[in-house]
Each structure stands twice: as C-alpha cells, then as structure tokens.
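K.L.:
Residue numbers (full-length UniProt numbering): 1 to 149.
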C-alpha cells in the first residue's frame with residue numbers, strides 16, 4: 001500500500017527532457033535534486049516572527065552551513081543527521097517512509113560524516129526503494145551522494 005501520490009520526473013527534467021520517464025531517469029533526477037538540496041545553504045539570519053510561513057517555504061531551501069560543523073562527537077553527528085533528515089522531509093515530497101542514519105567510518109582518522117538515506121518513491125502507483133550513501137566533507141562542507149539502489 002502506498003502512502004503518497006505517484007511521482008514522475010522533476011520539473012527541471014520535464015522542462016528540458018523529451019524522453020518518457022523511466023525508473024533510472026527518475027532515480028538520477030532524484031539523486032541530482034537531493035545533491036543540490038544538500039549542497040545549498042539556508043539563510044543564516046532567521047526571518048522576522050511575523051513571516052513565520054517563510055520557514056516552511058522554498059525561501060528556506062537548503063541545509064545549515066556545515067563548513068564549521070563539528071562531527072567529532074556522536075551527539076553532534078546525530079544532531080546534523082536529524083537536521084538533514086528534517087530538511088529532506090520538508091522539501092522533497094517524492095520520498096516517503098524515509099530513514100536516515102549516520103554510518104561508521106572505516107578509518108578513525110577520517111572526519112567525514114557518512115549518512116545513509118533509505119526511502120520509498122512511488123512511480124506509476126508502484127513503490128520503489130531507494131538508497132543513497134552520502135559523504136559530507138567537514139572542511140568544504142560539500143555533500144556527495146551515490147545511489148546504492
């Protein structure tokens with residue numbers, strides 16, 4: 001049983017493409033859009049209280065700046081993972097039943113934050129699992145995704 005509407009290609013793919021939607025194309029577009037979201041930084045200064053709706057709009061697109069984030073403690077890594085998960089849930093409606101978790105680094109000296117995003121996308125009324133492994137560079141704050149599905 002599905003818990004969301006069927007999705008197809010993103011708006012950008014529909015505007016610039018003439019191909020029929022395929023599972024591979026939907027996955028590639030989703031990966032690109034998630035990477036764009038996670039590599040965009042949200043506004044640093046908060047909105048005035050009278051403009052509270054802006055916090056839940058596209059004006060707050062992106063994630064917190066990770067260039068100065070401290071990933072050295074388990075608590076801080078968990079907080080960053082939770083912030084990223086909340087942002088994806090708020091801004092990426094194509095994903096349902098999402099689970100996001102931090103992964104352990106094989107090398108203890110590696111300060112990158114590794115995250116696994118598991119979710120379902122609904123294509124033509126069929127639910128398809130997707131899984132992305134994410135690496136966040138602690139120096140540059142850059143985020144890279146790989147499709148593990």
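Note that CB positions come from ideal geometry on N, CA and C, so glycine has one too. All of these numbers come straight from a predicted model, not from anything done at the bench.
1) Taking the alpha carbon of residue 115 as the reference point, which residue from 78, 97 and 108 has its own alpha carbon closest?
2) Quick one: Cα of residue 1 to Cα of residue 121, how far?
3) My output table needs one value for residue 151: the three-state DSSP class, helix, strand or coil.
4) Given this structure, state the Cα-to-Cα distance separating residue 40 from residue 55, to the nearest angstrom.
5) Drop a sphere of 10 angstroms on the beta-carbon of residue 90, count the other beta-carbons inside from all chains shown, and report buried for 16 or more, exposed for fewer.
6) Return the chain-ordered list of same chain residues with a C-beta closer than 6 Å to the C-beta of residue 194, the five sequence neighbours on each side being excluded.
7) Which runs of the alpha helix (DSSP H) spanning at least 4 residues fall entirely within the stretch 38-123, listed in chain order?
8) What's the gap between the Cα of residue 37 and the Cα of residue 145?
P.N.:
On the basis of the coordinates in this document:
1) 78
2) With a pLDDT of only 42 at residue 1, under 50, the local geometry of the prediction cannot be trusted, and no value is derived from it.
3) The question about residue 151 has no answer, for the chain in this structure spans 1 to 149.
4) 15 Å
5) exposed
6) The structure shown does not extend to residue 194, since the chain spans only 1 to 149, so no value can be given for it.
7) 74-91
8) 11 Å
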